[in-house]
Amino acid sequence: MNDDSPILEIKNLHAAIDGREILKGIDLTVRGGEIHAIMGPNGSGKSTLAQVLAGHEAYTVTDGSVTFRGHDLLALPPEDRARQGVFLAFQYPLEIPGVANTYFLKTALNAIRKHRGLPELDAMEFLALIRQKMKLLEVDPALLQRAVNEGFSGGEKKRNEILQLAVLEPHLAILDEIDSGLDIDALKTVALGANAQMIAADGSRRDDRAMVLVTHYERLLNYIQPTHVHVLYKGLIHESGGPDLARDLEREGYARFGFEDELAGTGAR
Amino acid sequence: MSDALTRPPQEPAPDAGVRATDEGRTLDALTSQEYRYGFVTDIEADTVAAGLSEEVIRLISAKKDEPEWLLEWRLSAYRHWLTMTEPTWQNVKFPPIDYQAIAYYSAPRPRKQLQSMDEVDPELKRAFEKLGVPLEEQKIFAGVAVDAVFDSVSVATTFKGKLAEMGVIFCSFSDAVKEHPDLVRRYLGSVVPATDNFFAALNSAVFSDGSFCYVPAGVRCPMELSTYFRINAANTGQFERTLIVADKGAYVSYLEGCTAPRRDENQLHAAVVELVALDDAQIKYSTVQNWYPGDKEGKGGIYNFVTKRGKAMDRAKISWTQVETGSAITWKYPSVLLMGDDSVGEFYSVALTNHFQQADTGTKMIHIGKNTRSTIVSKGISAGRGQQTYRGLVRVMPQARHARNYSQCDSLLLGDRCGAHTFPYLEVRNPTAQVEHEASTSKIGEDQLFYCQQRGISPEDAVSMIVNGFCKDVFRELPMEFAVEATKLLGLSLEGSIG
């Protein structure tokens, strides 16, 4: 893998669930330092794309390829994709009753470190790390001792996803509708974490990391500035462009592509 | 501290476990782990021919050199047993048991009189080592005294000296009969009468050995007492008898842990455990049970039909904590008779059934004294085709004013071919009682697993984590080193399970 090779390269990706084809030939190249926003109305296949990249077994890839940092991503089980550096922030994070958030996150981090041949962090080292991240993201430390997502508000769940992102530091972060149902404070935390993920200590953009934002609304893009915007509809990317494309969408809606946003006018626009 | 009772062997047996492969990354594949403790120790056993009769009972009693009163007690239990029939109300299925095909006595034959651990049969020691029970010097530092029961007869007892200094008696049941006959005679059958139920009566007639513990008034037993059960010889039913007496104001914590080698034929185990907590005494009884559950097709495995009951006098407290992962069939209801005013009974249980395992387990809290309190927390986990029933009785007698009970029964299902059933029985005959019951059933979903995997956690570790989270309320009641073992054991049992 040389420096020019993309972090993620999707070619002609077709995927189905229960025999129904959802993705119908996606092509997408994401390079280090880039933030791609994938937009589109409900049912266009945005979340499916996120789930397929993460390896959810409910979806079957029927054609195409996905290369992640030189590896055939589709050949790997979900946990190995995560260990190689693919992170999916879930639209609906799951609850794990009785398992402390801190224990969960430490287990995850150490599984990833072990896979990469790094020494596992002990409890003290981990605590130091997570305290630093929580401070950065202004996350309430009480979240750590609670069971994973159990009884969390919608905003707390999303903040927790971003905390995990900040601790696990993946090469590719896929944020699936991270902005849905968030108040402005939570949205700021999410944006803070997402942006921190992309910026190196010296303030320059990291070229070993990339991000894919799956979102229904452009609101998020006021906080996280994408480098590329794609419009997905019925399993295909209809148009790609720079940040301007998102602004066009804001002004004109999806109608300019000849399709209506089923939820237009009901959302957070 | 971790020399535990249920430690997995360092090296899995050669025939053991099929690890989940990439191909079988499904709930099914994960539920197919095989039992890892399957080995048979080749030791000459002193076995009485199969069959049950008064003659056999006389023979057992004679072999053990028992006093006449005990023989009579056995015989009257046997005569009563003949009039009884197997219970049929439990929610488990098994072919009829031929009680005449079972051998009722088996003892490892020592080569000579044993003076120290060094003289213990090396085969036997190796078996213990495979099971991870070090009967070595390090036990002293571990703070656990082990009364090792090997096929029904105690072969080694450690720590007697230290306990004796404090007046604590901890020995095999046979030794207790010889050395403390008055205590045994006074309390034997005082909680579980010989006629109590079919399996208790059978045990009373033929029990071979077990453990006896007496903690004198006001003494806090300085270490956790532990017994190690292991069924070894083929076709030998094992009939343990445990009696623990905490005198006024005494405290004792007792650990029971079990594994057994694999067998193709079902083995019957019908133990009786009696606890007596006199005024202001406390007994904490913890069990981790890991007997052979049968193979993936439901062949073999232990039938575990156990009667466990404690009697709590004024202000006394009895806690049962159990982690049940083994046996083909479990029939077990550790109970507390809350006789004294202000007495407390607790039952914390984790039961796991995988493959074709069946468990019908729960507790009985009988409120007799005033201001008696009981707490029941039951966590049932079913995987594979496992069937699990919680059956619990809370009875408040008319004279038990201001009795309180809290029950919580949660079931976790792994996969869609297993079952969970809850039968809470509440019999409240005093209007001042407060009785609460909560129940829930949940399922480990593919999405929950996927979430963990997406964070880099393997499916095996994820299941283990989810299940341990589910069991947390019970595990925190276990003594520390036991809790660690229980967590490992559950992980092991679940690797094969999707848990």
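So the sequence lines, in the order shown, correspond to chains D and R.
The working numbering applies: residue 21 is where the first sequence begins, and numbers increase by one.
The working numbering applies: residue 4 is where the second sequence begins, and numbers increase by one.
Yeah, the Cβ is synthetic: ideal placement off N, Cα and C, and Gly gets one too.
Check whether residue i and residue j have beta carbons under 9 Å apart
{"i": "R/Gln285", "j": "R/Ser322", "result": "yes"}
{"i": "R/Ser175", "j": "R/Arg77", "result": "no"}
{"i": "R/Val326", "j": "R/His370", "result": "no"}
{"i": "D/Leu147", "j": "D/Thr122", "result": "yes"}
{"i": "D/His34", "j": "D/His250", "result": "no"}
{"i": "D/Ile198", "j": "D/Val187", "result": "no"}
{"i": "D/His191", "j": "D/Ile27", "result": "yes"}
{"i": "R/Lys367", "j": "R/Leu396", "result": "yes"}
{"i": "R/Phe173", "j": "R/Ser214", "result": "yes"}
{"i": "D/Leu164", "j": "D/Ile182", "result": "no"}
{"i": "R/Val279", "j": "R/Gly313", "result": "yes"}
{"i": "D/Glu29", "j": "D/Val86", "result": "yes"}
{"i": "R/Thr364", "j": "R/Tyr336", "result": "yes"}
{"i": "R/Tyr288", "j": "R/Asp250", "result": "no"}
{"i": "R/Asp539", "j": "R/Gly343", "result": "No statement about residue 539 of chain R is possible, as the shown extent of chain R runs from 4 to 502 and does not include it."}
{"i": "D/Pro98", "j": "R/Phe453", "result": "yes"}
{"i": "R/Tyr107", "j": "R/Leu166", "result": "no"}
{"i": "D/Gly53", "j": "D/Arg225", "result": "yes"}
Residue of the options minimising C-alpha distance to residue i
{"i": "D/Arg361", "options": "D/Glu238, D/Gly255, D/Gly213, D/His250", "result": "Residue 361 of chain D falls outside the range modelled here, since chain D spans only 21 to 289, and no answer is possible."}
{"i": "D/Glu170", "options": "D/Tyr112, D/Asn215, D/Asp227", "result": "D/Tyr112"}
{"i": "R/Asp212", "options": "R/Arg388, R/Leu396, R/Val275, R/Phe350", "result": "R/Val275"}
{"i": "R/Tyr306", "options": "R/Gly313, R/Gly383, R/Arg312, R/Gly297", "result": "R/Gly297"}
{"i": "R/Gly329", "options": "R/Lys181, R/Ala362, R/Asp344", "result": "R/Ala362"}
{"i": "D/Phe88", "options": "D/Tyr79, D/Ala78, D/Asp100, D/Thr80", "result": "D/Asp100"}
{"i": "R/Leu73", "options": "R/Ser56, R/Arg189, R/Leu55", "result": "R/Arg189"}
{"i": "D/Ala214", "options": "D/Asp196, D/Gly201, D/Asp203", "result": "D/Asp196"}
{"i": "D/His135", "options": "D/Gln104, D/Gly39, D/His91", "result": "D/Gln104"}
{"i": "D/Gly45", "options": "D/Asp38, D/Ser64, D/Gly52, D/Arg51", "result": "D/Ser64"}
{"i": "R/Gly221", "options": "R/Val187, R/Met169, R/Ala489", "result": "R/Met169"}
{"i": "D/Leu241", "options": "D/Ile150, D/Arg166, D/Glu270", "result": "D/Glu270"}
{"i": "R/His504", "options": "R/Val171, R/Ala406, R/Ser443", "result": "Any property of residue 504 of chain R remains undetermined from this structure, which presents chain R solely from 4 to 502."}
{"i": "R/Asp419", "options": "R/Ala489, R/Ala403, R/Tyr428, R/Ala386", "result": "R/Ala386"}
{"i": "D/Val168", "options": "D/Ala206, D/Ser224, D/Leu114, D/Ala216", "result": "D/Leu114"}
{"i": "R/Gly244", "options": "R/Phe485, R/Glu463, R/Phe308, R/Leu355", "result": "First, the residue type needs correcting, since residue 244 of chain R is Arg and not Gly in the sequence shown. Considering only alpha carbons, the answer is R/Phe308."}
{"i": "R/Glu480", "options": "R/Ala106, R/Tyr351, R/Leu340", "result": "R/Tyr351"}
{"i": "D/Thr82", "options": "D/His91, D/Gln71, D/Ile37", "result": "D/Ile37"}
{"i": "R/Asp476", "options": "R/Ser410, R/Gln437, R/Leu452", "result": "R/Ser410"}
{"i": "D/Ala124", "options": "D/Arg166, D/Lys153, D/Asn62, D/Asp205", "result": "A small fix is needed here, since residue 124 of chain D is Phe in this sequence, not Ala. That would be D/Arg166, whose Cα lies nearest to the Cα of D/Phe124."}
{"i": "D/Lys31", "options": "D/Thr49, D/Ser25, D/Gly39", "result": "D/Thr49"}
{"i": "D/Ala131", "options": "R/Val380, R/Ala403, R/Phe201, R/Ala465", "result": "R/Ala465"}
{"i": "D/Val72", "options": "D/Gly90, D/Glu140, D/Leu43", "result": "D/Leu43"}
Presumed contact (8 Å Cβ cut-off) between residue i and residue j, rounded CB distance
{"i": "D/Lys66", "j": "D/Gly60", "result": "5 Å"}
{"i": "R/Val95", "j": "R/Trp334", "result": "7 Å"}
{"i": "D/Ala275", "j": "D/Met231", "result": "Rounded, the Cβ-Cβ distance is 28 Å, inconsistent with contact."}
{"i": "R/Lys446", "j": "R/Leu416", "result": "5 Å"}
{"i": "R/Glu439", "j": "R/Asn408", "result": "7 Å"}
{"i": "R/Ser338", "j": "R/Lys311", "result": "7 Å"}
{"i": "R/Val255", "j": "R/Leu228", "result": "6 Å"}
{"i": "R/Gln451", "j": "R/Ser414", "result": "With a Cβ gap of about 16 Å, R/Gln451 and R/Ser414 do not count as contacting."}
{"i": "D/Arg133", "j": "D/Val159", "result": "Not a contact, Cβ separation roughly 22 Å."}
{"i": "D/Glu259", "j": "D/Leu265", "result": "7 Å"}
Any C-beta of chain R within less than 9 Å: which residues of the segment 115–128 of chain D qualify? For the segment 115–128 of chain D, the set of positions with a beta-carbon nearer than 9 Å to some beta-carbon of chain R reads Glu115, Ile116, Pro117, Gly118, Val119, Ala120, Tyr123, Phe124, Leu125, Thr127, Ala128 in chain order.
With 8 Å as the limit, tell me which residues of the segment 453–483 of chain R have their beta carbon closer than that to any beta carbon of chain A; keep them in chain order. Looking at the structure shown, chain A is missing, and the protein chains on hand are D and R.
Any chance you could list the alpha helix (DSSP H) runs of at least 4 consecutive residues sitting entirely within the segment 222–251 of chain D, in chain order? none
Closer than 8 Å between beta carbons: that is the criterion. Which residues of the segment 180–194 of chain D meet it against chain R? Gln184, Leu188
Contact residues within the segment 414–426 of chain R, judged by C-beta distance below 9 Å to chain D: Contacts with chain D (Cβ-Cβ distance below 9 Å) from the segment 414–426 of chain R involve no residue at all.
If you measure beta-carbon to beta-carbon, which residues of the segment 211–244 of chain D are closer than 9 Å to chain R? Taken residue by residue, none of the segment 211–244 of chain D has a beta-carbon sitting less than 9 Å from a beta-carbon on chain R.
Just to confirm the assignment: which complete alpha helix (DSSP H) runs, minimum length 4, are found wholly within the segment 135–183 of chain D? Counting whole runs of 4 or more residues, the segment 135–183 of chain D contains the alpha helix (DSSP H) stretches 143–157, 162–165.
Jot down the residue ranges of each uninterrupted beta strand (DSSP E) in the segment 159–209 of chain R, minimum 3 residues, whole runs only, in chain order. 172–175
Using a Cβ-Cβ cut-off of less than 7 Å, list which residues of the segment 81–112 of chain D approach chain R; keep chain order. Residues of the segment 81–112 of chain D with a C-beta less than 7 Å from any C-beta of chain R: Pro97, Pro98, Glu99, Ala102, Arg103, Leu108, Phe110, listed in chain order.
At what residue ranges does the segment 442–496 of chain R contain a whole run of the alpha helix (DSSP H), taking only runs of 4 or more? 449–457, 462–478
Against chain R: residues of the segment 63–75 of chain D by CB proximity under 8 Å: Ala74, Gly75
Name the residues in the segment 242–263 of chain D whose C-beta lies less than 8 Å from a C-beta of chain R; which are they? Correct list: empty, as no residue qualifies.
Of the residues that make up the segment 53–76 of chain R, which ones have a beta carbon closer than 8 Å to any beta carbon in chain D? none
At 4 residues or longer, what runs of the alpha helix (DSSP H) sit wholly inside the segment 35–78 of chain D? Listed in chain order, the complete alpha helix (DSSP H) runs (minimum 4 residues) inside the segment 35–78 of chain D are 66–74.
What residues from the segment 35–50 of chain D come within 7 Å of chain R, judged by C-beta to C-beta, listed N to C? none
Can you list, in chain order, the residues of the segment 273–305 of chain R whose Cβ is nearer than 8 Å to any Cβ on chain D? none
Fully enclosed by the segment 57–120 of chain R, which beta strand (DSSP E) runs are 3 residues long or longer? 109–111
Only counting runs of 3 or more residues, tell me where the beta strand (DSSP E) segments fall wholly within the segment 379–408 of chain R, in order along the chain. Complete beta strand (DSSP E) runs here, min 3: 390–399.
Could you list the residues in the segment 175–208 of chain R with a C-beta less than 8 Å from some C-beta on chain D, going in chain order? Within the segment 175–208 of chain R, no residue has a Cβ that lies closer than 8 Å to any Cβ of chain D.
Determine which residues of the segment 339–365 of chain R have a Cβ less than 9 Å from any Cβ of chain D, and write them out in chain order. none
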